[in-house]
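One structure is given below, encoded as structure tokens.
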Amino acid sequence: MKRLCLLFTTLMLLVSAAPALAAQAQITWYGHAAFKVVTPSGKVLLVDPWISNPANPNAQKDLESLQKVDLILLTHGHGDHIGDTVEIAKKSGARLVAVPELQKAMVAHKGFPEKQIDRATTGSFGGTISLLDGEVTVMFVPAVHGGGMDTEKGPVYGGPPGGLLISVKNGPRIYHTGDTDLFGDMALLKGQVDLMLLCIGDKFTMGPQRAARAVEMIRPKLAVPMHFETFPVLTGTAEQFSKSLRTYGLELLMRRLKVGEALAWN
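As numbered in mature numbering (1 follows the signal peptide of the UniProt record, and there is no 0), residues -22 to -1, 1 to 244 make up the sequence shown, in order.
Okay, structure coming up:
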């Protein structure tokens, strides 16, 4: 009996001394360019939240579930990236992370709550900002694309388009390309990206072949294709992207997410 008690006590000590399982970051794709990032501590970030895009069959349910959102990050002012930003922000109180011109345009032309933007959540290309008490940092990255914003009175300037390098404490470094073509300075991000979320749809952005070249230049740990097959004109496919990656020996880096699927990151 004494030996059993001693064994039980030893096991309990070992269990109590073992480190708790670390919480994971989670990245969910809602279709098109819309993603949710949940940090290990439970903070919620949305990037280009067009949740109600036509590729998302659960759009209404997903929108209703977004009651707690800390930050909304926008790459540029096109409607398919602004998406449901204002609705979500008014409901959740989320602050807006974007370049200054886009922040101002969102308030002036889209009705984004002015009290939910400030200097702490804005920056420009090459600059890095610290958010959520240092749990998240964001670096603004250039993109080759347009910067207009459609309004009821016609197009207005919505600021320069960009991408975002989002670094999560105890989580991944995520590069969301926004809408862009391939450009040489992408190579400067090599070694800084764990998870690359990149457009492959062609016509308005780089297609599968040029997207694969971008992956080859940056060498992330994982590459998730986005901004494809939302509309018929976006003809680039995940299969073409995988085939193009194969020419560089990088096809194993691709992870295709289904709409609504969450990727856990240790």
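All residues carry an ideal CB built from backbone N, CA and C; glycine is no exception.
Exposed or buried, which one is residue i when buried takes at least 16 other CB atoms within 10 Å?
{"i": "Leu176", "result": "buried"}
{"i": "Leu142", "result": "buried"}
{"i": "Tyr153", "result": "buried"}
{"i": "Gln81", "result": "buried"}
{"i": "Leu166", "result": "exposed"}
{"i": "Phe(-15)", "result": "Because Phe(-15) carries a pLDDT of 44, less than 50, the predicted location of this residue cannot be relied on, and no value is offered for it."}
{"i": "Ala189", "result": "buried"}
{"i": "Ala242", "result": "exposed"}
{"i": "Ala67", "result": "buried"}
{"i": "Leu230", "result": "exposed"}
Would you check if the distance between the CB atom of residue i and the CB atom of residue j is smaller than 8 Å?
{"i": "Gly55", "j": "Ala12", "result": "no"}
{"i": "Leu200", "j": "Leu173", "result": "yes"}
{"i": "Val25", "j": "Val16", "result": "no"}
{"i": "Pro133", "j": "Gly126", "result": "yes"}
{"i": "Leu23", "j": "Asp58", "result": "no"}
{"i": "Asp159", "j": "Val122", "result": "yes"}
{"i": "Gln45", "j": "Arg73", "result": "no"}
{"i": "Lys21", "j": "Glu79", "result": "no"}
{"i": "Lys88", "j": "Val64", "result": "yes"}
{"i": "Val146", "j": "Ala3", "result": "yes"}
{"i": "Ala76", "j": "Leu109", "result": "no"}
{"i": "Met232", "j": "Ile196", "result": "no"}
{"i": "Ala216", "j": "Ile5", "result": "no"}
Out of the options, which one is the CA nearest neighbour of residue i?
{"i": "Val202", "options": "Val171, Lys147, Asn31, Pro27", "result": "Val171"}
{"i": "Asn244", "options": "Asp58, His87, Pro150", "result": "Pro150"}
{"i": "Glu194", "options": "Thr183, Lys46, Phe219, Ala1", "result": "Phe219"}
{"i": "Gly238", "options": "Pro18, Ala33, Asp163", "result": "Ala33"}
{"i": "Leu228", "options": "Gln187, Val114, Lys39", "result": "Gln187"}
{"i": "Pro210", "options": "Gly179, Lys221, Ile196", "result": "Gly179"}
{"i": "Phe90", "options": "Asp111, Ile50, Ala98", "result": "Ile50"}
{"i": "Gly101", "options": "Ala86, Pro139, Gly169", "result": "Pro139"}
{"i": "Lys105", "options": "Leu212, Ile144, Gly185", "result": "Looking at the sequence shown, residue 105 is not Lys but Gly. For the residues Leu212, Ile144, Gly185, the minimum Cα distance to Gly105 belongs to Ile144."}
{"i": "Lys168", "options": "Asn148, Ala192, Ser19", "result": "Ala192"}
{"i": "Thr213", "options": "Ala1, Ile29, Ile5, His10", "result": "His10"}
{"i": "Val85", "options": "Ile107, Asp163, Glu42, Thr129", "result": "Thr129"}
{"i": "residue 245", "options": "Ala83, Glu92, Tyr8", "result": "With the chain running from -22 to 244 in the structure shown, residue 245 is simply not present."}
{"i": "Gly137", "options": "Thr225, Ala83, Asp111", "result": "Ala83"}
{"i": "Pro198", "options": "Glu207, Thr155, Phe206", "result": "Thr155"}
Per DSSP, what are the beta-bridge partners of residue i in this structure?
{"i": "Ser108", "result": "Thr115"}
{"i": "Thr129", "result": "Gly132"}
{"i": "Leu52", "result": "The partner list for Leu52 (beta bridge, DSSP) is empty, contrary to what the question assumes."}
{"i": "Lys14", "result": "Thr6, Leu24"}
{"i": "Gly141", "result": "Val119"}
{"i": "Met232", "result": "Ala201"}
Can you tell me where the alpha helix (DSSP H) holding residue i begins and where it ends?
{"i": "Lys82", "result": "78 to 88"}
{"i": "Ile196", "result": "186 to 196"}
{"i": "Thr63", "result": "63 to 70"}
Which first and last residues belong to the beta strand (DSSP E) in which residue i is found?
{"i": "Leu166", "result": "Unbroken run through Leu166: none, as it is neither H nor E."}
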